[in-house]
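Student: In the numbering used here, the protein residues as written are 23 to 210.
The C-beta atom is built at its ideal place from N, Cα and C for all residues, glycine as well.
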Amino acid sequence: AGFNQEKEPYQVVTAEGIPLTGVMDLCMGDGFKLVLMADGTVLKWGTNPTPVKDIFDATLENITQISCGDDTACARKEDGTAYCFGGKAKQIHADLFSTPFENIRSITVGKTHTCLITDPAGEIYCWGTHTYGELGMLFPPVTPDIPEKVEGIQGAIGIHAGAHATCAWFESGVVRCWGANTHGQLGL
Numbered sequence: 023a024g025f026n027q028e029k030e031p032y033q034v035v036t037a038e039g040i041p042l043t044g045v046m047d048l049c050m051g052d053g054f055k056l057v058l059m060a061d062g063t064v065l066k067w068g069t070n071p072t073p074v075k076d077i078f079d080a081t082l083e084n085i086t087q088i089s090c091g092d093d094t095a096c097a098r099k100e101d102g103t104a105y106c107f108g109g110k111a112k113q114i115h116a117d118l119f120s121t122p123f124e125n126i127r128s129i130t131v132g133k134t135h136t137c138l139i140t141d142p143a144g145e146i147y148c149w150g151t152h153t154y155g156e157l158g159m160l161f162p163p164v165t166p167d168i169p170e171k172v173e174g175i176q177g178a179i180g181i182h183a184g185a186h187a188t189c190a191w192f193e194s195g196v197v198r199c200w201g202a203n204t205h206g207q208l209g210l
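#1: For GLU170, name the three-state secondary structure that DSSP assigns.
#2: Sorted by chain position, which residues of the same chain lie with C-beta nearer than 7 Å to MET59's C-beta, five sequence neighbours on each side aside?
#3: Going along the chain, which residues of its own chain have a beta-carbon closer than 8 Å to the beta-carbon of GLU170, five neighbours each way excluded?
#4: Just confirm the distance between the C-beta atoms of LEU208 and ALA187, as a whole number of angstroms; I'd bet it's less than 8 Å.
#5: Checking 8 Å against the spacing of the C-beta atoms, do ASP92 and LYS133 come in under that value?
#6: Could you pull the start and end residues of the beta strand (DSSP E) that MET59 belongs to?
#7: Roughly how many angstroms separate the alpha carbons of LEU82 and ILE181, rounded to a whole number?
#8: Drop a sphere of 10 angstroms on the beta-carbon of HIS135, count the other beta-carbons inside from all chains shown, and report buried for 16 or more, exposed for fewer.
#9: How long is the line joining the alpha carbons of THR192 and GLY39, rounded to whole angstroms?
#10: Quick one: using the 10 Å Cβ neighbour count with 16 as the cut-off for buried, is SER194 buried or exposed?
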């Protein structure tokens, strides 16, 4: 491997050269990857997998979901809290911060925005770039780093953020989308 393009798949190895196994989920950002391990820890790499540390320099544990954007990633813990990190110069590093929510059902990171669903109400909160309406608001937020509620939505059970659009789905099977529709991303 190395820093060249690989035309055939190869197995990822740890910094110690051990094949990476026990992966439950994977997400990819711009120049980094995260994997959720079966034991609830998260590894990151650009070159070799290493543990993701929290603000106290302890390994993130009890993680049940990960999501990656261009230069930001979020990890939801078993207890319903979440941590997001990165966002500066496309580096996933120790700038880890917790979201102001405790009962998070799901969290998703788009190219430059993040959204989450609260549990049990199924309300959606988003923050970040609002260039194409990807935050689900009529006007850009005054403070883009503070999560704001997407009005008129309750009961969401799942959410996914793309580059410039966001979609949520509901127990009834209904899907609602907002943001860029330049290529029919909203199903319109």
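Tutor: Quick look at the numbers:
#1: strand
#2: GLY44, VAL45, MET46 and LEU65
#3: TYR147, CYS148, TRP149, LEU157, MET159 and PRO163
#4: 6 Å
#5: yes
#6: 55 to 59
#7: 23 Å
#8: buried
#9: Here the sequence assigns Phe to residue 192, which means Thr is not the residue at that position. About 43 Å.
#10: exposed
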